[in-house]
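J.:
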Amino acid sequence: MASFPKSVDEVKQWMIQNGFSSHASTFEENEIDGEAMQCLTENALVQLIPVVGPRMKFIKQLESLKKNLQAPRVLIKRKRTHSLTAKRRQRLARNKRKREERQKSKTGLELLMSDLKQKNQNLHEAIGVEKKMKEKYFEMWRASERKKRN
C-alpha cells in the first residue's frame, strides 16, 4: 500500500507517477505538501487544475489514495463490529432460551391450573350430586315419617 506523500517533492513525484506531470510544477510553485494535499478543496483545485477533466481525475486519484490509507482502520472497525454482533447474537440466544424456559414453566403451570380447575369442577359436580342425593333421601325420610304419623 502506498503511503501519502509528505514533502513538496514527494507530492510532485506522486503527481508525475499518476499522470498529472503537467500540473506537478503548479503544485510545486504553490508549495503543496502532503498535509496541504489532504486539505485541498474543489475550489482550490479549480485554481491549481483549471481544466475540468484532469481535475476530476485528480480528485478521483486523491480520494482513492485517502481511502487506501484509511482501509486498515475500517477493517479494525469491521472486526470490532463483528465481535459486537457475535456478542449481541449470544445475548439474543440466551434471552430466547430464557423465554422458552419461562414459556415451558408457564405451560406447565397452565396445565396444572387446568387440571386443578377440572378437579374443582368435578368436585363441585360431586358435591351437587351428593346434595341432591341428601335432598332426595331427606324427602324420602320425610315421606316415611308422614306415613308413620298417618
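Each residue of the sequence shown is one higher than the last, beginning at 1 in full-length UniProt numbering.
The C-beta atom is built at its ideal place from N, Cα and C for all residues, glycine as well.
Bear in mind that the values here come from a model prediction, so they are computed numbers and not experimental data.
Below 8 angstroms CB to CB, which residues in the same chain sit around residue 157 once its five sequence neighbours on both sides are set aside?
T.: An answer regarding residue 157 cannot be provided, because it is not within the stretch 1 to 150 covered by the chain.
J.: Does the pairing of the region 57 to 64 with the region 39 to 49 give three or more beta-carbon distances under 8 angstroms?
T.: With a cut-off of 8 angstroms, the region 39 to 49 and the region 57 to 64 count as touching, because enough Cβ pairs lie within range.
J.: Excluding the 5 residues preceding and the 5 following residue 62 in the sequence, name in chain order all residues of the same chain whose CB lies nearer than 8 angstroms to its CB.
T.: Taking the first residue of the sequence shown as position 1, residue 62 is located at position 62. Same-chain partners within the cutoff: 37, 40.
J.: Can you grab the Cα-Cα spacing for the pair residue 123 / residue 133, in whole Å?
T.: Locating residue 123 in the sequence shown gives position 123, where the first residue counts as 1. Locating residue 133 in the sequence shown gives position 133, where the first residue counts as 1. Approximately 15 angstroms, taken between the alpha carbons.
J.: Let me know the secondary structure DSSP gives residue 128 once reduced to three states.
T.: Taking the first residue of the sequence shown as position 1, residue 128 is located at position 128. Note: residue 128 maps to helix in three-state DSSP.
J.: Quick check on the burial criterion: 16 or more other C-beta atoms within 10 angstroms. Buried or exposed for residue 32?
T.: The sequence position of residue 32 within the sequence shown is 32, counting from 1. So residue 32 ends up on the buried side.
J.: Got a sec, what are the start and stop residues for the alpha helix (DSSP H) residue 9 sits in?
T.: By one-based count along the sequence shown, residue 9 stands at place 9. Note, residue 9: alpha helix (DSSP H), 8 to 17.
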